[in-house]
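Peer 1: Sequence lines, in order, name chains A and B.
Residue 52 is where the first sequence starts when you use the working numbering, and the numbers rise one by one after that.
Residue 52 is where the second sequence starts when you use the working numbering, and the numbers rise one by one after that.
The structure is given below, and queries will be raised subsequently.
There are 2 protein chains.
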Amino acid sequence: MPTIKDVAAKAGVSTATVSRVLNGEKVKDETKEKVLKTIKLLGYRPNLIARSLKTQKTHTVGFVVPDYGQFFMQIAKVVEDILNGYGYSLVVCYSDENPEREKARIKMLMEKQVDGMLVVPTSDQDDYLMELNKQGIPVILIDRMVKDVQTDCVLVDNVNGAYQAVEHLITKGYHRIGVINGRQEVTTGEERYRGYLRVFEDYNLQIDRELIRFGDFSTESGFALMKELMSLSNPPDAVFITNCYMTIGAMLAIDEMNIKVPDEIAIVGFDDTELTRLSKPPVTSVVQPVQEMGEIAANLLYRRICGDMSDYPKMYRLKTTLLVRASTDPEWKKKLDGKEGA
Amino acid sequence: MPTIKDVAAKAGVSTATVSRVLNGEKVKDETKEKVLKTIKLLGYRPNLIARSLKTQKTHTVGFVVPDYGQFFMQIAKVVEDILNGYGYSLVVCYSDENPEREKARIKMLMEKQVDGMLVVPTSDQDDYLMELNKQGIPVILIDRMVKDVQTDCVLVDNVNGAYQAVEHLITKGYHRIGVINGRQEVTTGEERYRGYLRVFEDYNLQIDRELIRFGDFSTESGFALMKELMSLSNPPDAVFITNCYMTIGAMLAIDEMNIKVPDEIAIVGFDDTELTRLSKPPVTSVVQPVQEMGEIAANLLYRRICGDMSDYPKMYRLKTTLLVRASTDPEWKKKLDGKEGA
DNA sequence: CTGAAAGCGCTAACAT
DNA sequence: ATGTTAGCGCTTTCAG
Numbered sequence: 052m053p054t055i056k057d058v059a060a061k062a063g064v065s066t067a068t069v070s071r072v073l074n075g076e077k078v079k080d081e082t083k084e085k086v087l088k089t090i091k092l093l094g095y096r097p098n099l100i101a102r103s104l105k106t107q108k109t110h111t112v113g114f115v116v117p118d119y120g121q122f123f124m125q126i127a128k129v130v131e132d133i134l135n136g137y138g139y140s141l142v143v144c145y146s147d148e149n150p151e152r153e154k155a156r157i158k159m160l161m162e163k164q165v166d167g168m169l170v171v172p173t174s175d176q177d178d179y180l181m182e183l184n185k186q187g188i189p190v191i192l193i194d195r196m197v198k199d200v201q202t203d204c205v206l207v208d209n210v211n212g213a214y215q216a217v218e219h220l221i222t223k224g225y226h227r228i229g230v231i232n233g234r235q236e237v238t239t240g241e242e243r244y245r246g247y248l249r250v251f252e253d254y255n256l257q258i259d260r261e262l263i264r265f266g267d268f269s270t271e272s273g274f275a276l277m278k279e280l281m282s283l284s285n286p287p288d289a290v291f292i293t294n295c296y297m298t299i300g301a302m303l304a305i306d307e308m309n310i311k312v313p314d315e316i317a318i319v320g321f322d323d324t325e326l327t328r329l330s331k332p333p334v335t336s337v338v339q340p341v342q343e344m345g346e347i348a349a350n351l352l353y354r355r356i357c358g359d360m361s362d363y364p365k366m367y368r369l370k371t372t373l374l375v376r377a378s379t380d381p382e383w384k385k386k387l388d389g390k391e392g393a
Numbered sequence: 052m053p054t055i056k057d058v059a060a061k062a063g064v065s066t067a068t069v070s071r072v073l074n075g076e077k078v079k080d081e082t083k084e085k086v087l088k089t090i091k092l093l094g095y096r097p098n099l100i101a102r103s104l105k106t107q108k109t110h111t112v113g114f115v116v117p118d119y120g121q122f123f124m125q126i127a128k129v130v131e132d133i134l135n136g137y138g139y140s141l142v143v144c145y146s147d148e149n150p151e152r153e154k155a156r157i158k159m160l161m162e163k164q165v166d167g168m169l170v171v172p173t174s175d176q177d178d179y180l181m182e183l184n185k186q187g188i189p190v191i192l193i194d195r196m197v198k199d200v201q202t203d204c205v206l207v208d209n210v211n212g213a214y215q216a217v218e219h220l221i222t223k224g225y226h227r228i229g230v231i232n233g234r235q236e237v238t239t240g241e242e243r244y245r246g247y248l249r250v251f252e253d254y255n256l257q258i259d260r261e262l263i264r265f266g267d268f269s270t271e272s273g274f275a276l277m278k279e280l281m282s283l284s285n286p287p288d289a290v291f292i293t294n295c296y297m298t299i300g301a302m303l304a305i306d307e308m309n310i311k312v313p314d315e316i317a318i319v320g321f322d323d324t325e326l327t328r329l330s331k332p333p334v335t336s337v338v339q340p341v342q343e344m345g346e347i348a349a350n351l352l353y354r355r356i357c358g359d360m361s362d363y364p365k366m367y368r369l370k371t372t373l374l375v376r377a378s379t380d381p382e383w384k385k386k387l388d389g390k391e392g393a
């Protein structure tokens, strides 16, 4: 591999000049030509490591997700595209919904000297994240936030998303509405539960505590909890499930128990993925603006990296939409009639 | 951030000694203690960039996948875990099934100076990949290979996997067996098609060319091609679909057309993901040993990075398994009875 | 066993 | 407009 020195020597200029050409600084056209030519000739590629050592910038950003499922990977894709466009590359790693592992991954990213980070925190008290901020490396929280922490975050309005979902069930005439919650140490889990509770409050309805279950966001927990709910002497007639993995688990359980949806039980889930769309029947879901979340987060992070702290800390609360499908609507198939394709 | 110099100064030793302690070389216990203590005291963390510049190793490896779907991300997870265990971190990027983009991503990884790469090539004539090999950076092809190229690869036996799938259909008594193929410029696409053809040859059966369709691995193409097949005046009674996205698309099409599986059409897919498992009915699938693929690839790459070229170039051809489910077996549900859970 | 010193390849003052 | 030079933080001969 040729170095900048080789180029300088061959072109008969100093390394500084070559560097200037490389970085688009003012250089006499004639010498620039000459340098460019020798660069091509030698097949020279700047050594990014050396450059990083000098500039203290790696042009790399990290993204810590809880898992590699469709929801977060959709965001990752958007983020990667945008950041690539700015000349940054993305390192994605997964925390496995485990604060310890999250900390380890963040540490690794720190040591790799990333210029910034996007994190989906696995707990609402991530003291470690704050250190980063103090160290001056921009961090954007995405999807979930951390309590008592002042930093940029891109979230959705989970409370009202959940509210809308549960209200939809009530409007449809369901009375015994259960909920399968996610981890309450995570803001999305807690907020969605809060939305559920608020509906009952607003409608002045009684809640049967038996219908409230707590899972850990995993397919397995959705499966197990749905079985529990349906084994009750007085089972629910509808269930709100607060993320997509648990929804899948619940659908599998329902299927295994040979229960009819929505006739015997109505289901509304959170997140819209291929799974919920392909499921039979398709699941009514609170859909999050994935594309927008990714775009906003990536662009905000880029601005922070560039030193623009004008509106820091900025919190986005994007709105969700309720997509009604057959799992809460027996008429769905007829009404739809070709409106939803592949 | 303190540097090695700060540590050396504070501990009253030379930077060389600190470096030795850091790298576990022989140092008098007493001085080692002292150094370790000041490292802790100052909260010193070695600067990996500086180290990389010196050692020419980044302890990073790249992984280029066609997409962020479940199949490849499952592999990525395995690979990441293993490599992390060896002290390497993984940069995953997606080529979007596009050779140009793949080239760009590989180039980026090269410039980032990764110590090695795992690539799922998007074409069977990736001249660019060979350059890497010449440059001495280890590359392992995974899932797909490149023709006329001598390099390590971890593949599955697609031909026999497909063969088994189609033979299963024949055994079940289906006659008009269609196929939805993937991109033929990609070895998996071509090999699976070959497996399909071979069955007809071996059984000395006539093929109706009308039943052979070519897609691009996407859900959309699976959807469109299945619609085409089922709109034929003489439609197939079974279809083999050569990857999971197209299988999903096909299932959606079938659903939309209100066709019953397996009564009116039997389906066998390639790849086993949540989608094919959750689908109604669940799809009989050729399942690939994802875990094993990841393990083998990661460990092989590690060995190559460590300079062990003993068995180069090594080609693995792992065996697939056929998982029979309801999409080819009306009796499935009864037979199963609790054998398959969440 | 430890220290001095020379770089790895690049950028950025500072000079010219 | 270009060249000189001093590092960025680390590893690694080579001496001692």
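Where is the CB? At the ideal position from N, CA and C, for every residue including glycine.
Quick test of your reading: B/Asp194 and B/Val165, contact by CB under 8 Å. State the CB separation rounded to the nearest angstrom.
Peer 2: In the second sequence, counting from the first residue as 1, residue 194 of chain B sits at position 143. In the second sequence, counting from the first residue as 1, residue 165 of chain B sits at position 114. About 19 Å; that fails the 8 Å criterion.
Peer 1: With 16 as the cutoff for other CB atoms within 10 Å, does B/Tyr254 come out buried or exposed?
Peer 2: Residue numbering aside, residue 254 of chain B sits at position 203 when the second sequence is read from its first letter. Under this definition B/Tyr254 is an exposed residue.
Peer 1: By the criterion of Cβ-Cβ separation under 7 Å, what are the contact partners of A/Val143 in chain B?
Peer 2: In the first sequence, the residue the question calls residue 143 of chain A occupies position 92. Within 7 Å Cβ-Cβ: Val143.
Peer 1: Output the distance between the C-alpha atoms of A/Gln107 and A/Gly229, rounded to the nearest integer angstrom.
Peer 2: Translated into positions along the first sequence, residue 107 of chain A becomes position 56. Translated into positions along the first sequence, residue 229 of chain A becomes position 178. The alpha-carbon atoms of A/Gln107 and A/Gly229 are separated by roughly 53 Å.
Peer 1: Please specify which runs of the alpha helix (DSSP H), each continuous and at least 4 residues long, are wholly inside the segment 170 to 195 of chain A, giving them in chain order.
Peer 2: You should have 178 to 185.
Peer 1: At the 8 Å Cβ level, is A/Asp164 part of the contact set with chain B, yes or no?
Peer 2: The sequence position of residue 164 of chain A within the first sequence is 113, counting from 1. At residue 164 of chain A the sequence reads Gln, which differs from the Asp that was named. Closer than 8 Å to some Cβ of chain B, the Cβ of A/Gln164 qualifies, so yes.
Peer 1: For A/Met168, is the classification buried or exposed, using 16 other Cβ atoms within 10 angstroms of its Cβ as the cut-off for buried?
Peer 2: In the first sequence, residue 168 of chain A corresponds to position 117, counting from 1. When all chains shown are included, A/Met168 counts as buried.
Peer 1: Tell me which residues of the segment 313 to 336 of chain A have at least one Cβ-Cβ distance to chain B shorter than 7 Å, keeping chain order.
Peer 2: Per Cβ criterion, the list reads Glu325, Leu326, Leu329, Ser330 and Lys331.
Peer 1: Pick from A/Glu84, A/Asp147 and A/Gly246: whose alpha carbon is nearest that of A/Thr371?
Peer 2: For the purposes of this step, residue 371 of chain A is identified with residue 320 of the first sequence, where counting begins at 1. The shortest C-alpha separation from A/Thr371 is found at A/Gly246.
Peer 1: Please confirm whether B/Leu141 and B/Phe114 have their CB atoms less than 8 Å apart.
Peer 2: Position 90 of the second sequence, counting from 1, holds the residue named residue 141 of chain B. Position 63 of the second sequence, counting from 1, holds the residue named residue 114 of chain B. Yes, they are a contact pair.
Peer 1: If the cut is a Cβ gap below 8 Å, which residues of chain A does B/Ser103 touch?
Peer 2: Position 52 of the second sequence, counting from 1, holds the residue named residue 103 of chain B. The answer, in chain order, is Ile100.
Peer 1: Spatial neighbours of A/His226 within its chain, please: CB distance less than 7 Å, with the 5 preceding and 5 following residues excluded, ordered by chain position.
Peer 2: Locating residue 226 of chain A in the first sequence gives position 175, where the first residue counts as 1. Result list for A/His226: Asp288, in chain order.
Peer 1: Give the interface partners of A/Met281 over in chain B, defined as CB-CB distance under 8 Å, in chain order.
Peer 2: What you label residue 281 of chain A is simply residue 230 of the first sequence in a count that begins at 1. Going along chain B, no residue has its Cβ under 8 Å from A/Met281, so there is no contact; the nearest lies around 14 Å.
Peer 1: To the nearest angstrom, how far is the alpha carbon of B/Thr327 from that of B/Thr335?
Peer 2: If you number the second sequence from 1, residue 327 of chain B lands on position 276. If you number the second sequence from 1, residue 335 of chain B lands on position 284. In a straight line, the C-alpha of B/Thr327 is about 8 Å away from that of B/Thr335.
Peer 1: So, for B/Glu148: in the same chain, excluding its five sequence neighbours on each side, which residues have a beta-carbon less than 6 Å away from its beta-carbon?
Peer 2: The count along the second sequence starts at 1 and reaches residue 148 of chain B at position 97. The answer, listed in chain order, is Pro117 and Thr173.
Peer 1: At a Cβ threshold of 8 Å, is B/Ala127 touching chain A?
Peer 2: The count along the second sequence starts at 1 and reaches residue 127 of chain B at position 76. Output row for B/Ala127: interface = yes.
Peer 1: Quick one: give me the first and last residue of the alpha helix (DSSP H) that B/Asn350 is part of.
Peer 2: Working through the second sequence from its first residue, we reach residue 350 of chain B at position 299. Segment Val341 to Ile356, the alpha helix (DSSP H) holding B/Asn350.
Peer 1: Within 10 angstroms of its Cβ, does B/Asp380 collect 16 or more other Cβ (buried), or is it exposed?
Peer 2: Looking up residue 380 of chain B in the second sequence gives position 329. The residue is buried, with at least 16 neighbouring Cβ atoms inside 10 Å.
Peer 1: So which residues on chain A does B/Met159 lean against when the C-beta distance must stay under 9 Å?
Peer 2: On the second sequence, residue 159 of chain B is found 108 positions in, with the first residue counted as 1. In chain order: Asn135 and Ser140.
Peer 1: Does B/Met308 get closer than 8 Å to chain A when you measure Cβ to Cβ?
Peer 2: Counted from its first residue, the second sequence places residue 308 of chain B at position 257. Not closer than 8 Å to any Cβ of chain A, the Cβ of B/Met308 fails to qualify, so no.
Peer 1: Three Cβ pairs or more, each shorter than 8 Å: is that satisfied between the segment 352 to 360 of chain A and the segment 53 to 72 of chain B?
Peer 2: Cβ pair count under 8 Å is below three, so no.
Peer 1: At 7 Å on the CB atoms, spell out the chain B contacts of A/Tyr119, in chain order.
Peer 2: To locate residue 119 of chain A, count along the first sequence from 1; it is residue 68. Residues of chain B passing the Cβ test: Met124, Ala127 and Lys128.
Peer 1: Can you round the beta-carbon distance between B/Tyr353 and B/Leu206 to whole angstroms, since I take them to be within the 8 Å contact cut?
Peer 2: Within the second sequence, the letter at position 302 stands for residue 353 of chain B. Within the second sequence, the letter at position 155 stands for residue 206 of chain B. With a Cβ gap of about 19 Å, B/Tyr353 and B/Leu206 do not count as contacting.
Peer 1: If you follow the alpha helix (DSSP H) that B/Ala60 is in, where does it begin and where does it stop?
Peer 2: Within the second sequence, the letter at position 9 stands for residue 60 of chain B. Per DSSP, B/Ala60 belongs to the alpha helix (DSSP H) from Ile55 to Ala62.
Peer 1: Counting Cβ pairs closer than 8 Å, one from the segment 82 to 98 of chain A and one from the segment 62 to 69 of chain A, do we hit at least three?
Peer 2: The segment 82 to 98 of chain A is in contact with the segment 62 to 69 of chain A.
Peer 1: Indicate whether at least one CB of chain B lies closer than 8 Å to the CB of A/Glu153.
Peer 2: Start at 1 with the first residue of the first sequence, and residue 153 of chain A comes out as number 102. Answer no: the Cβ-Cβ gap between A/Glu153 and chain B never drops below 8 Å.
Peer 1: Report the rounded CA-to-CA distance for A/Met52 versus A/Arg96, giving the unit in angstroms.
Peer 2: Within the first sequence, residue 52 of chain A is the residue found at index 1, counting from 1. Within the first sequence, residue 96 of chain A is the residue found at index 45, counting from 1. Each residue's alpha carbon lies about 8 Å from the other.
Peer 1: Looking at C-alpha atoms only, which residue of B/Pro364, B/Ala348, B/Met297 and B/Ala377 is the closest neighbour of B/Val112?
Peer 2: For the purposes of this step, residue 112 of chain B is taken as the residue at position 61 of the second sequence. Nearest option by C-alpha distance: B/Ala348.
Peer 1: Please confirm whether A/Gly240 and A/Thr298 have their CB atoms less than 8 Å apart.
Peer 2: Position 189 of the first sequence, counted from the start, is the residue given in the question as residue 240 of chain A. Position 247 of the first sequence, counted from the start, is the residue given in the question as residue 298 of chain A. No. Outside cutoff.
Peer 1: For A/Arg96, decide whether its Cβ has a neighbour in chain B, counting only Cβ atoms nearer than 8 Å.
Peer 2: Taking the first residue of the first sequence as 1, we reach residue 96 of chain A at position 45. Chain B contact via Cβ: present.
Peer 1: Expressed to the nearest angstrom, what Euclidean distance is found between the alpha-carbon atoms of A/Lys311 and B/Arg152?
Peer 2: Stepping through the first sequence from its first residue, residue 311 of chain A is reached at position 260. Stepping through the second sequence from its first residue, residue 152 of chain B is reached at position 101. If you take the alpha carbons of A/Lys311 and B/Arg152, they lie about 46 Å apart.
Peer 1: Which value, in whole angstroms, describes the spacing of the CA atoms of A/His110 and A/Lys61?
Peer 2: Start at 1 with the first residue of the first sequence, and residue 110 of chain A comes out as number 59. Start at 1 with the first residue of the first sequence, and residue 61 of chain A comes out as number 10. Approximately 29 Å between the Cα atoms of the pair.
Peer 1: Under 8 Å, do B/Lys154 and B/Tyr119 count as touching if we go by C-beta distance?
Peer 2: To locate residue 154 of chain B, count along the second sequence from 1; it is residue 103. To locate residue 119 of chain B, count along the second sequence from 1; it is residue 68. Taking 8 Å as the Cβ cut-off, B/Lys154 and B/Tyr119 do not qualify as a contacting pair.
Peer 1: What does A/Ile188 touch in chain B if you count any residue whose Cβ is under 7 Å from its own?
Peer 2: Numbered from 1 along the first sequence, position 137 holds the residue referred to as residue 188 of chain A. In chain order: nothing, as chain B lies at least about 11 Å away.
Peer 1: Going straight from the alpha carbon of A/Ser38 to that of A/Val375, what length do you get?
Peer 2: No answer is possible for residue 38 of chain A: it lies beyond the span of chain A, which begins at 52 and ends at 393.
Peer 1: Can you give the Cα-Cα distance for B/Ile133 and A/Ala317, rounded to whole angstroms?
Peer 2: Stepping through the second sequence from its first residue, residue 133 of chain B is reached at position 82. Stepping through the first sequence from its first residue, residue 317 of chain A is reached at position 266. Each residue's Cα considered, the two are about 42 Å apart.
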